[in-house]
Amino acid sequence: MPELTLVQAINQALDQEMTRDERMVILGEDVGLNGGVFRVTEGLCEKHGTDRVVDTPLDESGIMGTSIGLAIAGMRPVPEIQFDGFLGPAYDQFVNHAGRMRTRTRGSITVPLTVRVPVGGGIHAPECHSDSPEAIYTHSAGIKVVMPSTPYDAKGLLLASIRDPDPVIFFEPKRVYRSFKEEVPEGDYTVEIGTAKVVAEGDDITVVTWGAPVFQCLKAMDELPEDVSVELIDLRTCWPIDVDTIAESVTKTGRCVIVHEAPLTAGLGAEISSLIQERCFLHLQAPVQRVAGFDTIMPYYKLEMEYLPEAPRIQKGIEECLAY
Amino acid sequence: MPTRTVYEAKIEHLQILDEEGNLDKKLAKGTLTDAQVVHLYEQMRICRELDEIAFKLQRSGRMGTYPQNKGQEANAVGSALAMKKGTDWLVSAYRENAALFMHGLPMHYVLVYWMGDERGSKMPEGVNITPLSVPIGTHMLHAAGIAWAAKIRKEKDKAVITYFGDGATSEGDFHGAMNFASTLQVPLVFYCQNNQWAISVPRERQMRSETVAQKALAYGMPTIRVDGNDIFAVYKATKDARARAIKGGGPTFIEGLTYRLGDHTTADDARRYRDPKEVEAWVQKDPLIRTRLYLESVGKWDDKKQKTLEARAEKITAEVVRAAEGIEPPVASDMFDSMYAELPASLVTQRNTMRTSSIGQNPEQAGLRANPTAAERV
Chain A
3 MPELTLVQAI NQALDQEMTR DERMVILGED VGLNGGVFRV TEGLCEKHGT
53 DRVVDTPLDE SGIMGTSIGL AIAGMRPVPE IQFDGFLGPA YDQFVNHAGR
103 MRTRTRGSIT VPLTVRVPVG GGIHAPECHS DSPEAIYTHS AGIKVVMPST
153 PYDAKGLLLA SIRDPDPVIF FEPKRVYRSF KEEVPEGDYT VEIGTAKVVA
203 EGDDITVVTW GAPVFQCLKA MDELPEDVSV ELIDLRTCWP IDVDTIAESV
253 TKTGRCVIVH EAPLTAGLGA EISSLIQERC FLHLQAPVQR VAGFDTIMPY
303 YKLEMEYLPE APRIQKGIEE CLAY
Chain Z
1297 MPTRTVYEAK IEHLQILDEE GNLDKKLAKG TLTDAQVVHL YEQMRICREL
1347 DEIAFKLQRS GRMGTYPQNK GQEANAVGSA LAMKKGTDWL VSAYRENAAL
1397 FMHGLPMHYV LVYWMGDERG SKMPEGVNIT PLSVPIGTHM LHAAGIAWAA
1447 KIRKEKDKAV ITYFGDGATS EGDFHGAMNF ASTLQVPLVF YCQNNQWAIS
1497 VPRERQMRSE TVAQKALAYG MPTIRVDGND IFAVYKATKD ARARAIKGGG
1547 PTFIEGLTYR LGDHTTADDA RRYRDPKEVE AWVQKDPLIR TRLYLESVGK
1597 WDDKKQKTLE ARAEKITAEV VRAAEGIEPP VASDMFDSMY AELPASLVTQ
1647 RNTMRTSSIG QNPEQAGLRA NPTAAERV
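Heads up: the sequence lines are chains A and Z, in that order.
With the numbering used here applied, the first sequence covers 3 to 326.
With the numbering used here applied, the second sequence covers 1297 to 1674.
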């Protein structure tokens, strides 16, 4: 089986789905001849034509708004917003229009679009290029929020997202884009949206995370004493949250640390922590811990590694939770 | 080195039927037949009746906030007739009811909607209309996307029209939609109902452009201003725009110069900010008055026909009100059922327990909250 990076796996998924479904179009800034600033769409416009892989004007709200129109008319738009920090202008179209259309027309008009967004920090990018806004979209009704961390999951989840009848925001952790390769089947497969993955089984403590911090958690686990057994869960989908997998694990371990790059307050960790106390209250042996970005703006890159939940801070969180 | 002119432009204003009902026969050639004029006059009159009834429904507490269409009906009917029903898409704001009715939206849907019920936006099969769009200016991008789909699929006889007001042209999404549509050359008609007031802000404090139509010049888009209370001019401009669109000529901008005779909505009182003399001057330019004068001048209308029409309008609107008020009340769980194609588990729980649990959580939790035993605590 060929080994692919995250970028290659996503490119392959886009290519195969464009071949399979003639309704699919890719649109965004520099996604055509340039192949996207991260080269995720490289080669697609040459293969599928400039009518289906379209360089749009530089207007995120326009990209999202016209994608909504394309979807209403029966196409399968897969827009790209170039960076997480540029989602702001598209927020209104995505949340107030894509997210609302199905229910405000009682199912008569639907918006099956998947917007791809490189997400998160750790690559020394310019300002407004390193944010983690997944909680904002998790809080918004009518959409689904996906964030894979591995090439295999990325291909399967992207195919599931494009085929999903509802709007999906698909976050691609840019720090993982080329960080490693893994085996990715060449054929067609999907990973079900809304299912978490147990990356490592353990009995003493549960760690829940998603996106790039998965690998920081693995690093932290390596530093722990050998007799500490950690169960690591990669959420993969931020919404719908796979609360069953989390609750099953925390019921077993009685302790939980949630790790995310996004700011602490009202982050997705707060919601997961609340779900855990609702589902596992009698099994908890320690307060649920959160290791997250600070409630500051995402700093420019000289301080970004101080902001991100890197392995040492995660290790501390796990140790504190275990010591409670 | 002297400067040289690199760009020059002018804006044409088209009027075919004037305020007194005089028709410019030369310009009118090939536009509307008298039978079509009768039809459009009837549509406008029926819509006006519904508008008045809707106002009364709101005032008597039977309906929520409603934006009257009064005075702007010619824009809606003239343009709607020029578009192809069942093929083209109408992407509307909320002050062009008559256009929606002419393209197949059951009239009572509009009342159901303003009575606070999303079922008024549940489009019947084959009706190519997007739901009324209350946030200003956001829907024009959807129109550009729908038109773009028609271009990608090479649907040769499909075009889209989108309606919006003068205020909407201040929004960023207006400019985005104009730019996308012209850059991509999609089959789209931008129809601006310039009623000269965005709630309380007049055109001259909304923009420095003397016309709205000139904004299209920046996007390299054919553009025209028409007398929006003149069904002939509205029809002709829209027909030409549609013809250009389906021939691959891209989008066209039409500014229909008109006037909002009523308040912004029933929650507004325009007397606070508008000069009554201005309103009175525009009452004289009412599209219904001039269209009737024209029809009378060519012997196609008289008092008897008017009386018959008014009785018909009353009957139709009474039925529409009955249909809207007769719809069975929504059930609370309706708010969940169309959220997703398949409802996620947490929403299923919230839906199923919304009446039995204060927090919409799994009822099994309740047992755990009550006095757990010592064994359960371990």
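Cβ coordinates follow ideal geometry from the N, Cα and C atoms, glycine included.
In this text, all values refer to a predicted model and were calculated from it rather than measured experimentally.
How would you write the range of the alpha helix (DSSP H) that residue i sits in, first residue to last?
{"i": "A/G387", "result": "No information on residue 387 of chain A is available, as it lies outside the stretch 3 to 326 that chain A covers here."}
{"i": "A/I65", "result": "E62 to I74"}
{"i": "Z/R1586", "result": "P1583 to S1593"}
{"i": "A/G90", "result": "G90 to Y93"}
{"i": "Z/L1643", "result": "A1641 to T1649"}
{"i": "Z/I1542", "result": "I1527 to I1542"}
{"i": "A/I320", "result": "A313 to A325"}
{"i": "A/T140", "result": "E136 to T140"}
Using CA atoms only, rank isn't needed, just tell me which of the options is closest to residue i.
{"i": "Z/E1304", "options": "Z/Y1337, Z/L1513, Z/A1614 and Z/V1423", "result": "Z/L1513"}
{"i": "A/Q317", "options": "A/C282, A/I274, A/T208 and A/L277", "result": "A/T208"}
{"i": "Z/R1391", "options": "Z/L1643, Z/N1424, Z/Q1489 and Z/P1626", "result": "Z/Q1489"}
{"i": "Z/R1415", "options": "Z/R1540, Z/Q1354 and Z/D1630", "result": "Z/D1630"}
{"i": "Z/L1336", "options": "Z/V1408, Z/M1419 and Z/L1605", "result": "Z/L1605"}
{"i": "Z/R1570", "options": "Z/Q1492, Z/E1551 and Z/G1552", "result": "Z/Q1492"}
{"i": "A/G45", "options": "A/R78, A/V9 and A/M66", "result": "A/V9"}
{"i": "A/A264", "options": "A/V245, A/T68, A/P175 and A/C47", "result": "A/P175"}
{"i": "Z/Q1481", "options": "Z/T1465, Z/R1499, Z/A1464 and Z/A1455", "result": "Z/A1455"}
{"i": "A/E322", "options": "A/Q287, A/E308 and A/G295", "result": "A/Q287"}
{"i": "A/Q291", "options": "A/C258, A/A162, A/G204 and A/I195", "result": "A/C258"}
{"i": "Z/V1333", "options": "Z/I1612, Z/E1308, Z/F1528 and Z/L1557", "result": "Z/F1528"}
{"i": "A/G256", "options": "A/D61, A/A325 and A/R315", "result": "A/A325"}
{"i": "A/G158", "options": "A/G124, A/I195, A/I28 and A/H285", "result": "A/I195"}
{"i": "A/D236", "options": "A/S110, A/M149, A/M20 and A/E19", "result": "A/M149"}
{"i": "Z/Y1409", "options": "Z/A1539, Z/A1563, Z/A1350 and Z/M1297", "result": "Z/A1350"}
{"i": "A/A214", "options": "A/R177, A/E184 and A/M3", "result": "A/R177"}
{"i": "Z/D1559", "options": "Z/D1347, Z/T1613 and Z/M1398", "result": "Z/D1347"}
{"i": "Z/I1495", "options": "Z/S1388, Z/A1440 and Z/L1557", "result": "Z/L1557"}
Tell me which residue opens and which closes the beta strand (DSSP E) that residue i is part of.
{"i": "Z/G1552", "result": "T1548 to L1553"}
{"i": "A/I164", "result": "Not the beta strand (DSSP E): A/I164 falls in the alpha helix (DSSP H), residues P153 to R165."}
{"i": "A/K146", "result": "K146 to V148"}
{"i": "Z/N1490", "result": "L1484 to N1490"}
{"i": "Z/T1652", "result": "It is not in any beta strand (DSSP E) - Z/T1652 carries neither H nor E in the DSSP assignment."}
{"i": "Z/D1622", "result": "Inspection of the sequence shows that residue 1622 of chain Z is occupied by Gly rather than by Asp. It is not in any beta strand (DSSP E) - Z/G1622 instead sits in the alpha helix (DSSP H) that spans D1599 to G1622."}
Interface residues of chain A around residue i at Cβ under 7 angstroms?
{"i": "Z/T1479", "result": "P59"}
{"i": "Z/R1442", "result": "As written in the sequence, residue 1442 of chain Z is Ile, which differs from the Arg given in the question. The contacting residues are G71, I74 and A75."}
Starting from residue i, find everything on chain A with Cβ-Cβ shorter than 9 angstroms and list it in chain order.
{"i": "Z/T1446", "result": "According to the sequence shown, residue 1446 of chain Z is Ala rather than Thr. Per Cβ cutoff of 9 angstroms: A75."}
{"i": "Z/F1476", "result": "T58, P59, D61, G64, I65, G67 and T68"}
{"i": "Z/T1426", "result": "G71, I74, M103, T107 and I111"}
{"i": "Z/S1417", "result": "R106, T107, R108, S110 and I111"}
{"i": "Z/E1681", "result": "The question about residue 1681 of chain Z has no answer, for chain Z in this structure spans 1297 to 1674."}
State the beta-bridge partners of residue i as determined by DSSP.
{"i": "A/C258", "result": "A/T208"}
{"i": "A/D236", "result": "A/K199 and A/T211"}
{"i": "A/L6", "result": "A/E184"}
{"i": "Z/A1494", "result": "Z/V1497"}
{"i": "Z/W1696", "result": "One cannot answer for residue 1696 of chain Z here, as it falls past the ends of chain Z, which runs 1297 to 1674."}
{"i": "A/R118", "result": "A/E82 and A/F172"}
{"i": "A/I278", "result": "Paired residues: none, contrary to the question."}
{"i": "Z/G1461", "result": "Z/Q1489"}
Applying the criterion that 16 or more other CB atoms from any shown protein chain within 10 Å of the CB defines a buried residue, is residue i buried or exposed?
{"i": "Z/R1588", "result": "buried"}
{"i": "A/R108", "result": "buried"}
{"i": "Z/P1668", "result": "The predicted model places Z/P1668 with a pLDDT of 49, which falls under 50 and marks its position as unreliable; any figure quoted below should be read in that light. Result: exposed."}
{"i": "Z/F1476", "result": "buried"}
{"i": "A/Y191", "result": "exposed"}
{"i": "Z/E1421", "result": "exposed"}
{"i": "Z/E1672", "result": "Residue placement at Z/E1672 is poorly supported in this model, since its pLDDT is 49, which falls under 50; the coordinates still yield a value, given next. By the 10 Å Cβ count, Z/E1672 comes out exposed."}
{"i": "A/T140", "result": "buried"}
{"i": "Z/N1525", "result": "buried"}
Which residues in chain Z have a C-beta closer than 9 angstroms to the C-beta of residue i? List them in chain order.
{"i": "A/N98", "result": "P1431 and T1434"}
{"i": "A/D205", "result": "By Cβ distance, chain Z contributes nothing, its closest Cβ being about 16 angstroms from A/D205, past 9 angstroms."}
{"i": "A/D53", "result": "K1447 and I1448"}
{"i": "A/V27", "result": "W1444, A1445 and I1448"}
Please list the partners that residue i has in chain Z, where partner means a Cβ-to-Cβ separation under 8 angstroms.
{"i": "A/A313", "result": "Here the premise fails: no neighbours, minimum Cβ distance about 32 angstroms."}
{"i": "A/Q95", "result": "T1434, L1437 and D1469"}
{"i": "A/A143", "result": "M1635"}
So which residues of chain C does residue i contact, with C-beta pairs closer than 9 angstroms?
{"i": "A/V117", "result": "In the structure shown, chain C cannot be found, because the protein chains are A and Z."}
In chain Z, which residues lie less than 7 angstroms from residue i when you measure between Cβ atoms?
{"i": "A/G196", "result": "P1640"}
{"i": "A/D168", "result": "Y1636 and A1637"}
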